[in-house]
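Worksheet: one structure, shown below.
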Amino acid sequence: LMVSDDMDPNPVVTQSPAPGTIHSGPIEVILTATDASGNSNSCTYTIDVIDRLAPTAVCKDVMVQLDETGNAIIFASDVDAGSSDICGIASLSVSPAIFNTSNIGANTVTLTVTDLSGNTATCTATVTVQPASPKPIITEIMYNPNSAEDDWEWIELYNPGSVDLDISGYVIDDFNSVAHGSANIVT
Numbered sequence: 044l045m046v047s048d049d050m051d052p053n054p055v056v057t058q059s060p061a062p063g064t065i066h067s068g069p070i071e072v073i074l075t076a077t078d079a080s081g082n083s084n085s086c087t088y089t090i091d092v093i094d095r096l097a098p099t100a101v102c103k104d105v106m107v108q109l110d111e112t113g114n115a116i117i118f119a120s121d122v123d124a125g126s127s128d129i130c131g132i133a134s135l136s137v138s139p140a141i142f143n144t145s146n147i148g149a150n151t152v153t154l155t156v157t158d159l160s161g162n163t164a165t166c167t168a169t170v171t172v173q174p175a176s177p178k179p180i181i182t183e184i185m186y187n188p189n190s191a192e193d194d195w196e197w198i199e200l201y202n203p204g205s206v207d208l209d210i211s212g213y214v215i216d217d218f219n220s221v222a223h224g225s226a227n228i229v230t
């Protein structure tokens, strides 16, 4: 850009929008030159900013557990670890997203990040699929026996699954300290 003035060898040039402003698509830019006497003149031009930079895709590994029907679903947000783009993200998608008993163990998934200009980037994550955790079944219970000994109270649990059942976080509560009508397993 060349600016000249007969009386001021260094007129001040300003730009609107300011230099460094981030835009995408067509934008009108106005340059204004002002001399020391306050005289000014402007010119306008249109530039078309085209975003050709791919977004940054960042993945994280996750673990999922199959439900009682033997299925699990993940979402793109489950494996996204902070993907970004200077112009903004339009969408995130993950594939595959549905797992069943044939997927038990480590599975590679692909996260696709699409920015507002349609540029895409991908990354991969490992989804470790665990089998469904069976719920214990109370098969027998002895509470309030005709004895003063607390050791005579007991409960028998059945594990209907094929994997070890961790019951360390379970609490057995009768929800009725007077009637002792039933017992429940609470997690």
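Residue numbers for the sequence shown follow our numbering, beginning at 44 and rising by one. For each residue, glycine too, the CB sits at the ideal point set by N, CA and C. The structure displayed is predicted, hence computed values, not measured ones.
Short Cβ contact (8 Å threshold) for residue i with residue j
| i | j | result |
| --- | --- | --- |
| A124 | C102 | yes |
| C117 | V105 | Per the sequence shown, the amino acid found at residue 117 is Ile instead of Cys. It is a contact, given that the beta carbons lie within the stated cut-off. |
| D65 | I141 | In the sequence as displayed, the identity of residue 65 is Ile instead of Asp. No, these two residues do not count as a Cβ contact at 8 Å. |
| A164 | P98 | yes |
| V170 | N202 | no |
| V152 | V107 | no |
| A100 | S126 | yes |
| A76 | P62 | no |
| D48 | D94 | no |
| I180 | L159 | no |
| L74 | S85 | yes |
| G212 | P177 | no |
| A175 | D110 | yes |
Beta-bridge pairing of residue i - partner residues as DSSP gives them
| i | result |
| --- | --- |
| T165 | T155 |
| M185 | W197 |
| V172 | V107, G148 |
Which of helix, strand or coil DSSP assigns to residue i
| i | result |
| --- | --- |
| Y213 | coil |
| S85 | strand |
| V46 | coil |
At which residue ranges does the stretch 91–162 contain complete alpha helix (DSSP H) runs of 4 or more residues, listed in the order of the chain? Restricted to the stretch 91–162, the alpha helix (DSSP H) segments that are unbroken, complete and at least 4 residues in length are 119–122, listed in chain order.
What are the uninterrupted segments assigned as alpha helix (DSSP H) that are 4 or more residues long and contained completely in the stretch 48–80, given in chain order? The qualifying runs do not exist here; there are none.
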